[in-house]
Structures are given as C-alpha cells and as structure tokens.
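Novice:
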Amino acid sequence: MTIAAPENLVYDRPEGFTETPTHYCPGCTHGVAHRLIAEVLEEMGVIEKTIGVAPVGCAVFAYNYFDTDFVEAPHGRAPAMATGIKRVLPDRVVFTYQGDGDLASIGMGEIVHAAARGENLTVVFINNANYGMTGGQMAPTTLPGMKTTSSPNGRDVETQGYPIRVAEMLSTLEGVGYCVRRSLHDPKNIRLAKKAIRLAFETQVRGLGFSMVELLSTCPTNWGMTPVDSLKFVEEHMVPAFPLGDYKVGAGVAQIKA
Amino acid sequence: MPREIWEGNQAIAEAAVRAGLEAYFGYPITPQTEILEYLSKRMPELGRAFVQAESELGAINMVYGAACTGVRVMSTSSSPGVSLMMEGLSYIAGTEIPAVLVNVMRGGPGLGNIAPSQGDYNQAVHGGGHGDYQPIVLAPASVQEAVDLMTLSFDLAEKYRTICMMILDGSIGQMMEPINLPEMQPIQRKDWDWAVRGKADHERRILSSIYLDVHQEEKLNLRLLERWKQIQASEVRYKEYFLDDAEFVIIGFGTAGRVALSAVRLAREEGIKVGLLRPITASPFPHRAIDQLAGRVSGFLVVEMNSGQMLEDVRLAVKGRAPVEFYGRMGGVVPFPYEILSEIHRIAAGPLSVEADPRGAWLERMAHA
Numbered sequence: 529m530t531i532a533a534p535e536n537l538v539y540d541r542p543e544g545f546t547e548t549p550t551h552y553c554p555g556c557t558h559g560v561a562h563r564l565i566a567e568v569l570e571e572m573g574v575i576e577k578t579i580g581v582a583p584v585g586c587a588v589f590a591y592n593y594f595d596t597d598f599v600e601a602p603h604g605r606a607p608a609m610a611t612g613i614k615r616v617l618p619d620r621v622v623f624t625y626q627g628d629g630d631l632a633s634i635g636m637g638e639i640v641h642a643a644a645r646g647e648n649l650t651v652v653f654i655n656n657a658n659y660g661m662t663g664g665q666m667a668p669t670t671l672p673g674m675k676t677t678s679s680p681n682g683r684d685v686e687t688q689g690y691p692i693r694v695a696e697m698l699s700t701l702e703g704v705g706y707c708v709r710r711s712l713h714d715p716k717n718i719r720l721a722k723k724a725i726r727l728a729f730e731t732q733v734r735g736l737g738f739s740m741v742e743l744l745s746t747c748p749t750n751w752g753m754t755p756v757d758s759l760k761f762v763e764e765h766m767v768p769a770f771p772l773g774d775y776k777v778g779a780g781v782a783q784i785k786a
Numbered sequence: 226m227p228r229e230i231w232e233g234n235q236a237i238a239e240a241a242v243r244a245g246l247e248a249y250f251g252y253p254i255t256p257q258t259e260i261l262e263y264l265s266k267r268m269p270e271l272g273r274a275f276v277q278a279e280s281e282l283g284a285i286n287m288v289y290g291a292a293c294t295g296v297r298v299m300s301t302s303s304s305p306g307v308s309l310m311m312e313g314l315s316y317i318a319g320t321e322i323p324a325v326l327v328n329v330m331r332g333g334p335g336l337g338n339i340a341p342s343q344g345d346y347n348q349a350v351h352g353g354g355h356g357d358y359q360p361i362v363l364a365p366a367s368v369q370e371a372v373d374l375m376t377l378s379f380d381l382a383e384k385y386r387t388i389c390m391m392i393l394d395g396s397i398g399q400m401m402e403p404i405n406l407p408e409m410q411p412i413q414r415k416d417w418d419w420a421v422r423g424k425a426d427h428e429r430r431i432l433s434s435i436y437l438d439v440h441q442e443e444k445l446n447l448r449l450l451e452r453w454k455q456i457q458a459s460e461v462r463y464k465e466y467f468l469d470d471a472e473f474v475i476i477g478f479g480t481a482g483r484v485a486l487s488a489v490r491l492a493r494e495e496g497i498k499v500g501l502l503r504p505i506t507a508s509p510f511p512h513r514a515i516d517q518l519a520g521r522v523s524g525f526l527v528v529e530m531n532s533g534q535m536l537e538d539v540r541l542a543v544k545g546r547a548p549v550e551f552y553g554r555m556g557g558v559v560p561f562p563y564e565i566l567s568e569i570h571r572i573a574a575g576p577l578s579v580e581a582d583p584r585g586a587w588l589e590r591m592a593h594a
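Protein chains in written order, with our numbering: chain A, 529 to 786; chain B, 226 to 594.
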C-alpha cells in the first residue's frame, strides 16, 4: 500500500490553487484563508469565471496562488477595481482579498462605498491587528495597549485612537447582503469560516448585494510569538475585542442559509 | 448631416459613447461635471456601465478594473481631481492597459478657481504619477476637434496599450459650438490576449504593475520606452497656419493656440509674415516640425495659459538657433487677440536675442503692463 493511493488521500491541493508555494511566514493564517477560498471556488464550480483582486500588503502575491484570473490593485483600491470589473462583467465572480491596513485604513473610502452601492462583490478581510508586510506597524485594528513598531509603548487610545470594527460598521449599510466575522484560531472556527466564505460567494452569484467575511488572523512574526501562542492570542484577546458573529444576513441570504 | 449646436462637455460625452465607450466612472467637479451628468442618463439607457464614484481615487481605480477586462473605458475630471487620479494612472501605465482620461483644466494650484487654464500641461505631458511612463496627450482647440479626438483617443490607447489623456481648458468644455458628431459605432469587445475575463477560454491571466525583480522592472521600463519611441515616430499631430512664408512663428496649443490664430490673421492683414503651429498632440510633442522651422525663421513666440510650461519643450526643439519669446496669461485669464497682436508687433519690430530669458522678460513686461 502506498500513501499516495487515492483511497488513502485525506488532504490534497484544491483545484482553486496553483502549485506555487506561498511566501507566508510559518504559522500565519493567510494560508488557511487562501485554502478556504480555493475550496469554495472549486466546490461552487466557478474557478473559470472568477476574477480575484489582490491587495497591497502580505497578500500582494495572492495572484500567484489562486488558479483564477487575477489583477493586483493599488493599496486600498481593490473594491474600486473590483467594481470596475464587475460592472462590465456582471456574470463573473469577483472577489477582493484585503488586509486591515489596506481595507480599514487607506482603503476605507473604497470599501464603504462599494458596500453602500451594494456591489455584487465578495470581500475577504484579514484582520491581524497590524501591518504585516511593512514589518508590524499599528493598524486601525490594533488593540488598545498592543505594542507595534509604530506604537512601541502600546497603542495609546488618547493619541492613537481606537480600533475600528469593520464588520459592525459595514453591516449598517443597506447595500450589504452578508457581513460576518469569523476567526481562524482553531479547527472549529476554521470550519465556520469556510461556511461563511461559501455563503458570501453564494450571496454574490445570486445578486443579493455586497458580501464580506472578516477573518481574525495571526501574525506570529510581527507579534513576536510562536504560532501556537498567536492562536491563543487571537482567542483570548482578539475575539473579545472583535466579537465573532453574523452582523448582517439579508433576507435573501437567510433563505440560502436555511 | 446638418451641424448641431452642442456644449463642449456634452459633445465629448456623446462622442465617447459613439466611439464605443462601454464603462464610465467619474466624480463631479467644475468645469467638467456636464460630462458626468450627461453620461448618468445616456449610459444606462444604452445598457452600459456608469458609476458616480466616491472620489476621483475611486473613479480611476474603477477605470483601472474595467480597463483590465479590455473594454473601452473612460473617466473625466478637472485639475484637482486629476491630481487625485495620478496614483491610478501610474498603475494603469505600469500594467500596460488602455484607458482614456479627459482633463477639463481650471486655474490652480490648489483649489484655484473654475476658470479656463492650461496649468496642467507639465502634469499631463511630463509625468504626474510616479515612475517612468509617458501618456499620449491630445489638446483640442474647439468643440469639434475635441469630438474628433475622442474616437482617436480610444484607438490610440488600444493600439499602444497606453493612457490617452485629452487636455482642454474649461472654456472649450463649456462653450457651445456647431459640430458634426461621428456615427454611432457598435460595441466591439475585442479578443485581447491580455484581458482578464475569467480563464474559461484561455490560460489564466494576471494583470499587475508589480515587478519585484529589478531586471524585470527594467525590462518593463525599456518596453514602455520602446513603445513611446514608436508613438513619437507615428503619432505626432499638429496644425500649421500661414507657415509657408512665415518669418515669425507662434506656437500655442488648445484655446491659447486658437486665440493666437485670430491675432495671426490680424497681423497678416497688416502684412506681418507670421504663422502659427498648433500642437494637437501635446505629447508626443512636434519636436521635428519645430526643429525644421528653427533653421529658417527669425523668431518664435510661445503663447500659453500658464507660466510657460510648453515653452521649455519648444526651447528644447529650437536648441538656441532662433530667439524664443513667451507670452502667457494665468489664473484663469484667457488672452485677447489684441494682446497677442501687440506681442507680434513687438517681435516683428525686434531686436530679438537667442540669449534672452523669455520667461524673465515676459514677467518684466507683465509688471509694467
């Protein structure tokens, strides 16, 4: 018996992936988030009609890993680029993959208005509480008191403000069909995250409006923690600050869910 | 077909529609807002894409996205808005995809005003966004010419996978003139081998402006430059007026060139042998045409509605072989023909020197005017 025998296969590369190894740091949850998206695209049979929009940030090379057509946006502008694509190709599946610096700081205007217009796009939003690619600076999602390279004494809310809860904020907009927060810190939550990503793409293909899944994620390198401690940090510190849940499930989307 | 009276901005919008514009993204700003307003009605009634974006940043990145799919796409704005678009333009240039932008220029810098200006020549012609790239820049002098250049803008953008920008001042955008509009072209989605539309019928495609490997980036830089050389060799456009026997030549683009033509006609009635060269492509600049004139005329006068931005390009072409003089109005002031005529009188009376500093001398004359 060989371990490569198909009947023994328990884990394989999803069709939504290329064979390119990712560049992400060991223990980072970007790889998990990527895999969930790739699995969902494969299961929905939409790989050939999907166009992804990569951000500026750690996921800038996302286009190397997904086996779909892809474009690479300027920092924060992915929702605007995705709008341009979706408006001329409404039968395609268009998604952006954005981090917290990209989406919640420099790209706040683009994300809010794409959501307000009810663009039929899916946004996967990675919240790891810092700017990963540039080496761990304070992000809009950095927790109060959290040390980063640009808040070396811990984020002081008096001078550096408070974290932004994106899922809650966008859920107030009429154009939003589906808006939830999930976490990637353990297998149970990863399974829930995948379900949410599936539902977000289903929201899009049914034309039910803007969909976003916010994913609490780790950044072991810049947090200066082991991967395991990073997962604990998400559970113990990020989940309380960014509660998991369904912030908006439109009437049409609720019917799919049932 | 009988000519119809159209406002410049609306005529540009309709000309773009007839050239096959499939998607428009814009943001309100005077003096170009009528383009946005016109297309907000016209595009949806044709089943084409229209979005009033949240900002010019949003608008240009929607253009960027739509351009990646290979459709004819455009945005329009005015000076402060175009400044905001420079980020997106640089990315579009780096991604080598076609896009069309119209800048209906107004007085600046800063918020400036909403009066006609040519103050964005340098921004349009000599860069604007970061990195090494050059867009094609067209400069119409009438509503009819703007209409005619609209179709050309899309053709050139697609032919060279580049940005084609049309710069006109607010007076052309908002004046009404009799024009002939082109016939309506059907939408033709071309099967570009680079367009991102989902990989159903082709190998998967990626459009990006990122080249982390320095040698790959340099290859892109060289490719863009090679393409620019082709554009310079093939796409220079300008109009000549009374140049055959001219001893003095005025050079001006857009409205400044048009007003200068009135002055040239008045001077010709007086027997002064003066002509006009009006660049239609501000970029690629008609260096060769000016180079040839420099060998045989007694002097040049550059007229602009800015502080002498194109003046530097003219001086590069003339290379000190003939005197170059300058007359400009700024801040939203449009020169009168008589003002330019008195400049013609001054130049014709001489003496002129190739050593003179044309901008300094002009500033002195302005101070005493």
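Every residue, glycine too, gets a C-beta built ideally from N, C-alpha and C.
All values reported here derive from a predicted model rather than from experimental measurement.
Only counting the same chain, and skipping five residues up and downstream in sequence, which positions put a Cβ closer than 6 Å to that of Arg311 of chain B?
Specialist: Reading off the sequence shown, one finds Met at residue 311 of chain B, where the question assumed Arg. Gly353, Gly354, listed in sequence order.
Novice: When you compare each of B:Phe510, B:Leu264, B:Pro365, B:Ile392 to Arg331 of chain B by their alpha carbons, which one comes out closest?
Specialist: Of the listed residues, the one whose Cα sits closest to Arg331 of chain B is B:Ile392.
Novice: Considering only residues of the region 392-425 of chain B, which uninterrupted beta strand (DSSP E) runs meet the minimum length of 3 residues and lie entirely inside it, listed in chain order?
Specialist: For the region 392-425 of chain B, whole beta strand (DSSP E) runs of length 3 or above, ordered along the chain, are 401-404.
Novice: Could you give the residue range of the alpha helix (DSSP H) that holds Cys293 of chain B?
Specialist: Where Cys293 of chain B is concerned, the enclosing alpha helix (DSSP H) stretches over 281-293.
Novice: Can you tell which of B:Leu309, B:Val325, B:Arg228 has its C-alpha closest to the C-alpha of Leu246 of chain B?
Specialist: It is B:Val325.
Novice: Mind pulling the chain A residues with CB within less than 9 Å of Tyr289 of chain B?
Specialist: Ordered by position in chain A, the residues that pass the 9 Å Cβ test against Tyr289 of chain B are Val599, Ala601, Pro602, Arg605, Ala608, Met609, Gly612.
Novice: Restricting to Cα atoms, I'd like to know which of B:Phe561, B:Glu529, B:Ile515 is closest to Arg540 of chain B.
Specialist: Of the listed residues, the one whose Cα sits closest to Arg540 of chain B is B:Ile515.
Novice: For Arg273 of chain B versus Val242 of chain B, is the C-beta distance shorter than 9 Å?
Specialist: Yes, they are a contact pair.
Novice: Using Cβ-Cβ distances below 7 Å, what residues of the region 228-252 of chain B are close to chain A?
Specialist: Correct list: Glu247, Ala248, Phe250.
Novice: Interface residues of chain B around Val777 of chain A at Cβ under 7 Å?
Specialist: What Val777 of chain A touches in chain B: nothing, since even the nearest Cβ is about 25 Å away.
Novice: Would Leu712 of chain A and Ala566 of chain A qualify as a contact pair, given that the criterion is a beta-carbon distance under 9 Å?
Specialist: Cβ distance not < 9 Å, so Leu712 of chain A and Ala566 of chain A don't count as in contact.
Novice: Excluding five sequence neighbours on each side, which residues of the same chain lie with their C-beta closer than 6 Å to the C-beta of Met400 of chain B?
Specialist: Cβ within range, chain order: Gly233.
Novice: Within 10 angstroms of the Cβ of Tyr539 of chain A, are there 16 or more other Cβ atoms? Answer buried if so, exposed if not.
Specialist: Looking at its Cβ environment, which holds fewer than 16 other Cβ atoms inside 10 Å, Tyr539 of chain A is exposed.
Novice: Under 9 Å Cβ-Cβ, which residues of chain A neighbour Ser434 of chain B?
Specialist: By Cβ distance, chain A contributes Glu600, Pro602.
Novice: Decide if Arg513 of chain B is buried, meaning its Cβ has at least 16 other Cβ atoms within 10 Å, or exposed.
Specialist: Arg513 of chain B comes out exposed.
Novice: Would you call the region 650-668 of chain A and the region 628-641 of chain A touching, i.e. three or more CB-CB distances under 8 Å?
Specialist: Short answer: they touch.
Novice: At least one CB of chain A closer than 9 Å to the CB of Thr294 of chain B: is that the case?
Specialist: Yes - at least one Cβ of chain A is within 9 Å of the one on Thr294 of chain B.
Novice: Using a Cβ-Cβ distance under 9 Å, would Gly283 of chain B count as near chain A?
Specialist: Closer than 9 Å: yes.
Novice: Could you please give the first and the last residue of the uninterrupted beta strand (DSSP E) stretch that includes Gln626 of chain A?
Specialist: Per DSSP, Gln626 of chain A belongs to the beta strand (DSSP E) from 621-627.
Novice: Tell me whether Leu363 of chain B is buried or exposed, calling it buried when 16 or more other Cβ atoms sit within 10 Å of its Cβ.
Specialist: Buried: at least 16 other Cβ atoms inside 10 Å.
Novice: Going by DSSP, what residues sit across from Asp373 of chain B in a beta bridge?
Specialist: According to DSSP, which records beta bridges pairwise, Asp373 of chain B is partnered with nothing at all.
Novice: Give the residues from the region 260-278 of chain B that approach chain A closer than 9 Å (Cβ to any Cβ), ordered along the chain.
Specialist: Residues Arg273, Ala274, Phe275, Val276, Ala278.
Novice: Under the three-state reduction of DSSP, which class applies to Tyr463 of chain B: helix, strand or coil?
Specialist: Here Tyr463 of chain B sits in strand by DSSP.
Novice: Taking beta-carbon pairs under 7 Å, can you tell me which members of the region 637-649 of chain A lie near chain B?
Specialist: The residues in question are Gly637, Glu638, His641.
Novice: Checking 9 Å against the spacing of the C-beta atoms, do Ser745 of chain A and His558 of chain A come in under that value?
Specialist: In contact: Ser745 of chain A and His558 of chain A (Cβ atoms closer than 9 Å).
Novice: Just reading off the alpha helix (DSSP H) that Asp757 of chain A is part of, what are its end residues?
Specialist: Segment 755-761, the alpha helix (DSSP H) holding Asp757 of chain A.
Novice: Chain B partners of Ile579 of chain A, CB-CB under 7 Å?
Specialist: In chain order: Val421, Gly423.
Novice: When the Cα of Pro509 of chain B is compared with those of B:Tyr463, B:Gly295, B:Gln369, which residue comes out closest?
Specialist: If we check each option's Cα against that of Pro509 of chain B, B:Tyr463 comes out closest.
Novice: Sorted by chain position, which residues of the same chain lie with C-beta nearer than 6 Å to Thr700 of chain A's C-beta, five sequence neighbours on each side aside?
Specialist: None.
Novice: In angstroms, rounded to a whole number, what distance separates the CA positions of Tyr690 of chain A and Pro668 of chain A?
Specialist: Cα to Cα, Tyr690 of chain A sits roughly 7 Å from Pro668 of chain A.
Novice: Using a Cβ distance threshold of 8 Å, determine whether the region 415-429 of chain B contacts the region 533-553 of chain B, with at least three qualifying pairs required.
Specialist: As far as the Cβ criterion goes, the region 415-429 of chain B does not touch the region 533-553 of chain B, which means the pair count is below three.
Novice: Measure the alpha-carbon distance for Leu282 of chain B versus Tyr252 of chain B and round it to whole angstroms.
Specialist: Leu282 of chain B and Tyr252 of chain B: Cα-Cα distance of roughly 9 Å.
Novice: Can a CB atom of chain B be found closer than 9 Å to the CB of Tyr593 of chain A?
Specialist: No, because no Cβ of chain B sits closer than 9 Å to the Cβ of Tyr593 of chain A.
Novice: How big is the Cα-Cα spacing for Ile431 of chain B and Ser396 of chain B?
Specialist: For Ile431 of chain B and Ser396 of chain B, the distance between alpha carbons rounds to 41 Å.
Novice: Taking the continuous beta strand (DSSP E) assigned at Glu529 of chain B, which residues delimit it?
Specialist: Segment 524-529, the beta strand (DSSP E) holding Glu529 of chain B.
Novice: Looking at Gly333 of chain B: is its Cβ nearer than 9 Å to the Cβ of Ser367 of chain B?
Specialist: No, the pair does not count as a contact, with Cβ atoms beyond the cut-off.
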